[in-house]
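Q: With the working numbering applied, the sequence shown closes on residue 265, and no number is skipped along the way. Where is the CB? At the ideal position from N, CA and C, for every residue including glycine. Before anything else, here's the structure in question.
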Amino acid sequence: MIGLMVERDVGVFDRDPEAYHRARPGYSDDVIDFVVEGLPVGARALEVACGTGYATLPVLDRGLSVTCVDRGARLLEFVAERTRGRPIEFVCARFQDFEPEPGAFDLVYVAQAWHWLGYEGTGAREDRHARVARALKPDGRLAIIQCFVHNNWTEADDLYRKHWPGTGEGGGDLLPAAERLERMRAEVSLGGHLVPTEVRTWRDDRTYTAQGYVDWLATTSDHGALPPDVQHPFFAAIKKRIEEQGGTIVRPYEVCVIRARRRDG
Ligand SMILES: C[S@@+](CC[C@H](N)C(=O)[O-])C[C@H]1O[C@@H](n2cnc3c(N)ncnc32)[C@H](O)[C@@H]1O
């Protein structure tokens with residue numbers, strides 16, 4: 001059978017920020033506390049790829065000021081509407097085109113987007129490491145939040161084969177946790193600009209209703225990019241399968257935060 005090639009589409013996130021925000025969960029207090037741990041009230045944070053602000057509002061709530069950079073204009077408007085009067089500023093740009101104020105930030109953080117920065121070409125993806133290092137104060141911190149789902153939903157393999165031939169459920173990260181963390185450390189060290197310092201992980205299983213699950217799939221850059229004539233019947237079949245299985249599906253998630261410092265800091 002001929003496979004259906006779907007290019008991941010970064011534009012999916014900016015298409016409908018309300019729908020994105022409804023379909024995705026935020027981050028627990030433990031995760032955000034670890035990101036800002038030890039930073040004083042009034043510290044300056046640069047959040048790269050803020051999306052709808054799931055990691056922005058809790059950082060503002062902890063007393064930091066935030067500069068948000070995201071390529072999505074609608075996403076930034078969504079966050080701006082919810083943060084009026086707070087110490088926040090916005091830059092609509094791709095991170096690879098953004099030149100941060102050198103040595104200005106106590107914290108640079110990125111939630112579920114590190115892998116996107118530079119994805120669209122224009123220069124090496126490793127450029128983001130040097131750019132982050134330039135933005136940080138000498139004793140500043142990078143924190144990357146990344147979520148992993150631990151298995152593929154094999155009960156739906158037949159639906160994937162039928163509607164989206166040539167792919168599996170995808171998104172599942174089947175590496176053992178220790179190996180995945182080792183890869184994250186190695187990745188952050190690329191180019192020699194940053195040194196990983198601590199990593200912490202939290203189990204965060206998520207239960208979805210049939211509608212909630214397809215709403216979530218629609219916010220992902222691969223499922224969300226499927227053409228409507230493929231996506232609609234495929235999502236209808238997924239919903240039916242979840243309803244037949246009792247109406248909910250549990251996905252085993254893990255949230256990881258890796259912190260790093262400037263090598264020369
Ligand atoms: C999966 S969303 C994560 C959003 C948010 N941080 C969260 O945790 O919900 C990915 C985000 O990365 C942004 N993004 C992707 N590539 C980017 C780039 N090169 N520069 C800046 N933002 C980018 C998208 O616009 C989107 O907001």
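Can you tell me which of the three DSSP states Pro25 falls into?
A: Pro25: coil per DSSP, three-state reduction.
Q: Counting only the same chain and skipping the five closest in sequence on each side, list residues whose C-beta sits under 8 Å from that of Pro252.
A: Hits under 8 Å: Val149, His150, Asn151, Arg203 and Asp205.
Q: On the CB-based measure, 16 or more other CB atoms within 10 Å of its CB, does Asp139 come out buried or exposed?
A: Exposed.
Q: What first and last residue would you give for the alpha helix (DSSP H) that runs through Ile112?
A: Note that residue 112 is Gln in the sequence shown, not Ile. Gln112 -> no alpha helix (DSSP H), and no H or E assigned at all.
Q: Name, in chain order, the residues that DSSP records as bridge partners for Phe297.
A: Past the edges of the chain, shown from 1 to 265, lies residue 297, and the structure says nothing about it.
Q: In the DSSP assignment, find the unbroken alpha helix (DSSP H) run with Val214 in it and report its ends.
A: Ala210 to Ala218 is the extent of the alpha helix (DSSP H) around Val214.
Q: What residue range is occupied by the uninterrupted beta strand (DSSP E) comprising Phe78?
A: Taken as a continuous stretch (DSSP letters only), Phe78 belongs to no beta strand (DSSP E), being part of the alpha helix (DSSP H) at Ala73 to Arg82.
Q: Would the C-beta of Ala80 count as close to ligand 1, meaning under 7 Å from any of its heavy atoms?
A: For ligand 1, not one heavy atom lies less than 7 Å from the Cβ of Ala80.
Q: I need the straight-line Cα distance from Gly274 to Glu101, nearest angstrom please.
A: This structure cannot settle anything about residue 274, because the visible part of the chain is limited to 1 through 265.
Q: Quick one: grab the DSSP three-state call for Leu226.
A: Reduced to three states, the DSSP call for Leu226 is coil.
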